[in-house]
Structure formats: C-alpha cells, structure tokens
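Notes follow the structure.
Numbering (this note's numbering), first residue to last: -4 to 146.
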C-alpha cells in the first residue's frame, strides 16, 4: 500500500504555451484533462493510443534538480500532476486513485529534447528515469490539489 498527495495541477491550452496552475480540474476518461492541450489533440506529442491522456511527476524529482544547479518550478516540468510521496516508476501497468479519479499507469514519461528546449540545459540528463509517468484516465471526475494518491 502507498499513500501520496497531489501537490499541484497544471495544464496548457496549446503546445509550447506556458502551463497554468489550477486548484482543480475535470478528468475525462478516454480524453484527458479538460482544457489541456492533449485532451484536444493540440499537444506537441498528441497522437491516439495509450498514455496520452495525463502525465504525472514527483515533486521529489523536481526538488532533486537543485543538486545539479537546475531550478525548475513545478509547472515548468510540463507534467499535469505534481505529486508527493509515491514512486511513479512503480505504477507502470498498475491502476491507482487520485482523489475520486482512477488512473492506469502506462509508461515512463522520460524527458526529451523538447522539454530541455523549453526549460534549461541539463534537464534531459537530470530527469532520466525520473521524468514522470504517462497514464490513462479509467474513471473520470474532479481532481483537486491535496487529493490523496492511493492504490
């Protein structure tokens, strides 16, 4: 068993646009987060198939960047949900809850050159295997900052 917490929520309405921080968002099964670029097919990596509905990253990974002199705000990681207290790599292939919403971990969300171009040099190497998780929304609902993350 594990229990973590949702620290922040971020969406962008179009590719390469700054991420907006929200207190809550509607998660729509089979689509994504309401108003996010990937839910409307306007993201840089938008394409049909598993793992393109929602992304998560650990705040611990963002905080660890400081060890390499990289300062990154939570939303600048370009992931939708920033969580604390759960190792996302262990959730590949598993179903879990964020508040009332059920997600299924699909694969690692490794950093890419696109992310590095939008943020700072060195982030590609610094986030290898800590870049987060791509997931699908199994059962939708409202996700709120402070929601518990559980099995």
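We treat Cβ as the ideally placed atom computed from N, Cα and C, and that holds for glycine. No experiment lies behind these values; they were computed from the predicted model shown.
Simplified DSSP assignment, three categories, for residue i
| i | result |
| --- | --- |
| residue 177 | For residue 177 there is no data in the structure shown, the boundaries of the chain being -4 and 146. |
| residue 84 | helix |
| residue 142 | coil |
| residue 58 | helix |
| residue 63 | helix |
| residue 10 | coil |
| residue 132 | strand |
| residue 118 | helix |
| residue 32 | coil |
| residue 22 | strand |
Between the CA atoms of residue j and residue i - distance to the nearest angstrom
| i | j | result |
| --- | --- | --- |
| residue 75 | residue 139 | 12 angstroms |
| residue 35 | residue 13 | 16 angstroms |
| residue 91 | residue 80 | 14 angstroms |
Buried or exposed (CB count within 10 angstroms, at least 16 for buried), residue i
| i | result |
| --- | --- |
| residue 44 | exposed |
| residue 25 | exposed |
| residue 123 | exposed |
| residue 53 | buried |
Spatial neighbours of residue i in its chain, beta-carbon cut-off 6 angstroms, leaving aside the 5 residues before and after
| i | result |
| --- | --- |
| residue 50 | 74, 75, 104, 127, 129 |
| residue 48 | 27, 131, 132 |
Assumed close pair residue i, residue j - CB separation to whole angstroms, cut-off 8 angstroms
| i | j | result |
| --- | --- | --- |
| residue 94 | residue 142 | 3 angstroms |
| residue 57 | residue 69 | 6 angstroms |
| residue 22 | residue 96 | 5 angstroms |
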